[in-house]
Amino acid sequence: MSGKEAVLEVSNLTTEFHTPDGVVYAVNGVDLSLRPGEFLAVVGESGSGKSVTMMSMLRLIPMPPGKIIDGQVDFEDQDLLRLDVEDLRSVRGGKIGFIFQDPMTSLNPVLTIGKQITESLELHTDLSDAEMKKRAEELLSLVGIPDAKQRLKNYPHELSGGMRQRVMIAIALACSPKVIIADEPTTALDVTIQAQIIEIVRDLREKLNTAVIWITHDLAVVAGLADRVVVMYGGRVVEQALVGDLYSRPQHPYTRGLLNSLPRLDQKGHELSAIEGQPPSLRSAPTGCSFAPRCQYAHDRCWTEIPPLAEIAFEHRSACWWDIDNERPRHD
Amino acid sequence: MTDVIDSVDAAPAAEREVLVRVEGLKKHFPIMKGVFRRQVGAVRAVDGVTFDIYKGETLGLVGESGSGKSTTGRVILQIEPVTEGSVRFQERELTEVKGNDLRSMRPRMQMIFQNPHASLNPRMTVASIIGEPLKEHSDLDADGRHARVEELLTIVGLDPSHANRYPHEFSGGQRQRIGVARAIALNPEFIVADEPIAALDVSIQAQVVNLMEQLQDELGLTYLFISHDLSMVRHIADRVAVMYLGHVVELADCDELYENPQHPYTKALNSAVPVPDPVVEANRKRVILEGDIPSPSNPPPGCVFSTRCPVVEDRCRVEVPEWRQTTAGHWVACHVVATKTQ
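Protein chains in written order, with my numbering: chain A, 3 to 334; chain B, 232 to 573.
What follows is the structure, given as structure tokens:
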């Protein structure tokens, strides 16, 4: 894919869930690459496969019923999907940090904040107790928590939602990871608290140069943060582009539809054009484009052939058989 | 905060017919403790709000979690009894209507709930869910009800032949359409929609909002649209009220509120909402509020926003700001704004 210098490269990742009610085709051949220091936004609605993709990369999905059928995840000359469990542990939380959506359920309620930050330092570094404590304090101040020393003794329930999410960020940053994967990190927060977290993330990006994958359903949240955006639908990547191009020249009908269906705070009363129909069922393997049933440009080929994620302009890829700008079918 | 209400009539907007008039509305939930369940305090969820809802308009009610916006909606519809204050629906004082009288008014005011997964009984078919209000409040016989249910399903864009299916057979967006069909079944005048799109996917939200707008045009409905999504409220509302910690801090026409916000909280809230446009985002100035919303069981004295306000003055911490009109139809409760405009 694009660039040999990627820190993390996912190819043809395919994950299924084998449930008593049948197979759920959650991720159907996803390719992604993350460059050093880059902020990559992965946007999709529920069931688009965005979270399962990220969890599969670090083999964090429950197996069974989950099953990674195919693919490769290259990170530091290793394939994370084939690494033995011990080595994988040193990657999880060490070289790759995670931030989850709901800080209330992902922090341990019976351990102090300090303990939870030093836990990953204990596991992944050989700092002394005093050094670890100092590092934990540093991390809390870094994410904008005042009285860091006092706060280390607090339990999660003594903190507000926004503060807890800061602690999550501090934990993810503890071992100076190369990559941070954040799964809907601001979705559970109120908008003024979300603005605080976004400000911190912006600030940290300048200071730390860590590569970030930010998973979200909200095209607005990442507009001011991301370098590149990947749009997922039905377990596949349907479009990826530099942030400016994606919002100003969306090429996939789904991306375009999504942007047209969004109300904007800075614009009054424009018509919302909803995408008609429902998100795809993942109960059968895709045989054509998953968006075809909702797409105004769908033609014969869309139902029978899965469109590849093809480069259509500089740094711009779209998986669609229709050339939306020239209003004609695309020939590969 | 309620003493300026008489000047409402002086406003030019008052020529319009008021459908619902809320005055000094309070809802406190008692906090009980100990063996004898003694009341030791109260959660002041709604603490004195005053506004009118005009016939045929959509009043947006926005605020963050814990601001009291949902409770306000529930208390207006008398789903919860009020603690203090008045709610007039046309000329009737709803807080004094009880029992069968209140029941007989129910068809005129309905509610759409947030979570279509929780607000539809999983053991009832769609026909019985939508037909239930008809059974309770109309004289239709079984055939008449069946015909009405099919008509309602068509109105909300569902297939009438699916009337005998169960809620789990529908997607989230379709379930919310069922909730809408139930709410309009009795031809109400007024609908409180409590976060009707919050549980839906982005591409489905616009479908439901467009449906609500279309129904408003066709049926002449009046909405109280409760939401934390300021962008969607800008799209759907005619006027917007902003709530913070049990108080309405600002109320204005929709464009006025977004383009010329007066209250420091509204300004911060507006600036915190991201816009799906990287060019706009790159040039935006944000007002970042410090800290969190205080607990409604122990609100700060004076102005409720004083603990986080970037332009706070000494008196804000002591004196409750007056609810006053700065320009026609634009209401603000803020000492600092008051000084500037005098």
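Heads up, the beta-carbon is just placed ideally off N, CA and C, and yes, glycines get one too.
On the criterion of 16 or more Cβ atoms from any shown chain inside 10 Å, does residue i qualify as buried, or is it exposed?
i, result
"A:W216", "buried"
"A:T212", "buried"
"A:K2", "Missing from the structure shown is residue 2 of chain A; chain A here goes from 3 to 334 and no further."
"A:R91", "exposed"
"B:M263", "exposed"
"B:K300", "buried"
"B:D460", "buried"
"B:R200", "Residue 200 of chain B cannot be examined here, being either before or after the span of chain B that is shown, 232 to 573."
"B:N501", "buried"
"A:V223", "buried"
"B:I310", "exposed"
"A:A315", "exposed"
"A:A150", "buried"
"A:G259", "buried"
"B:A616", "Residue 616 of chain B lies beyond the stretch modelled for chain B, which goes from 232 to 573, so this question has no answer here."
"A:A56", "Going by the sequence as given, residue 56 of chain A is Met instead of Ala. Buried: at least 16 other Cβ atoms inside 10 Å."
"A:S58", "buried"
"A:Q342", "Residue 342 of chain A cannot be examined here, being either before or after the span of chain A that is shown, 3 to 334."
"B:M463", "buried"
Skipping 5 residues on each side, what residues in its chain have a beta carbon closer than 7 Å to that of residue i?
i, result
"A:Q198", "G164"
"A:I308", "P288, G290 and C291"
"A:W305", "G290 and A294"
"B:N395", "T356 and A358"
"B:V380", "A358, I361, G362 and A394"
"A:Y235", "G46, S50, Y256, S292 and F293"
"B:L371", "L365 and R379"
Sorted by chain position, which residues of the same chain lie with C-beta nearer than 8 Å to residue i's C-beta, five sequence neighbours on each side aside?
i, result
"B:R406", "P347, H348, L351 and P398"
"A:S263", "L274, S275, A276 and I277"
"B:G522", "T538 and R539"
"B:E627", "Since the first and last residues shown for chain B are 232 and 573, residue 627 of chain B lies out of range."
Straight-line CA distance for residue i to residue j?
i, j, result
"A:I20", "A:S143", "Strictly speaking, residue 20 of chain A in this sequence is His, with Ile absent from that position. Looking at the two C-alpha atoms, the distance is approximately 44 Å."
"B:L455", "A:P265", "18 Å"
"B:M474", "B:V563", "11 Å"
"B:G265", "B:H494", "41 Å"
"A:K52", "B:E481", "39 Å"
"A:E18", "A:L83", "15 Å"
"B:G477", "B:V253", "14 Å"
"A:D192", "B:E295", "6 Å"
"A:Y2", "A:G279", "In the structure as shown, chain A starts at 3 and stops at 334, and residue 2 of chain A therefore has no counterpart that could be examined."
"A:E7", "A:S35", "9 Å"
"A:E317", "A:A43", "15 Å"
"B:A378", "B:L450", "19 Å"
"A:K97", "B:V277", "48 Å"
"B:V249", "A:G46", "42 Å"
"B:E246", "B:K286", "11 Å"
"B:V543", "B:P552", "12 Å"
"B:E367", "B:R334", "10 Å"
"A:E313", "A:P67", "35 Å"
"A:P281", "B:A429", "17 Å"
"B:F267", "A:F100", "47 Å"
"B:T233", "B:E550", "In this prediction, B:T233 scores a pLDDT of 44, lower than 50, which makes its location untrustworthy; no coordinate-derived value is stated."
"B:E444", "B:F260", "34 Å"
Report back the beta-carbon spacing between residue i and residue j to the nearest angstrom; my notes put them in contact at under 8 Å.
i, j, result
"A:I173", "A:S130", "With 8 Å as the limit, A:I173 and A:S130 do not qualify as a contact, their Cβ atoms being about 19 Å apart."
"B:P532", "B:R548", "7 Å"
"A:T194", "B:A414", "With 8 Å as the limit, A:T194 and B:A414 do not qualify as a contact, their Cβ atoms being about 31 Å apart."
"B:L442", "B:G375", "Their Cβ separation, rounded to whole angstroms, is 24 Å, which puts B:L442 and B:G375 out of contact at 8 Å."
"A:P187", "A:Q103", "7 Å"
"B:I386", "B:A412", "7 Å"
"B:G304", "B:V471", "Actually they are not in contact, since the Cβ atoms of B:G304 and B:V471 sit about 15 Å apart, beyond 8 Å."
"B:I343", "B:P427", "5 Å"
"A:E201", "B:I524", "Their Cβ separation, rounded to whole angstroms, is 18 Å, which puts A:E201 and B:I524 out of contact at 8 Å."
"B:P507", "B:P419", "That pair is no contact at about 34 Å."
"B:K258", "B:T326", "Actually they are not in contact, since the Cβ atoms of B:K258 and B:T326 sit about 11 Å apart, beyond 8 Å."
"A:V32", "A:V9", "Actually they do not touch by this definition, with Cβ atoms about 17 Å apart."
So, at 6 Å on beta carbons, what are the nonlocal neighbours of residue i in its own chain, with the 5 sequence-adjacent residues on each side left out?
i, result
"A:Q242", "V232 and R319"
"A:V169", "I115"
"B:R496", "The amino acid at residue 496 of chain B is misidentified as Arg; the sequence shows Tyr. Closer than 6 Å at Cβ, skipping near neighbours: Y475, V480 and F536."
"A:P255", "C297 and Y299"
"A:L60", "R94"
Would you say the beta carbon of residue i comes nearer than 7 Å to a heavy atom of the ligand FAD?
i, result
"A:K180", "Although the ligand FAD was asked about, the structure shown includes no ligands whatsoever."
Can you list, in chain order, the stretches of the alpha helix (DSSP H) that have 4 or more residues and sit fully within the segment 243-307 of chain A? Complete alpha helix (DSSP H) runs here, min 4: 245-250, 255-262 and 302-306.
Whole alpha helix (DSSP H) elements within the segment 282-334 of chain B, 4-residue minimum: Runs found: 300-307.
Note down, one range per segment and in chain order, each alpha helix (DSSP H) of at least 4 residues found wholly within the segment 26-108 of chain A. For the segment 26-108 of chain A, the full-length alpha helix (DSSP H) segments reaching 4 residues or more read 52-59, 87-93 and 105-108 along the chain.
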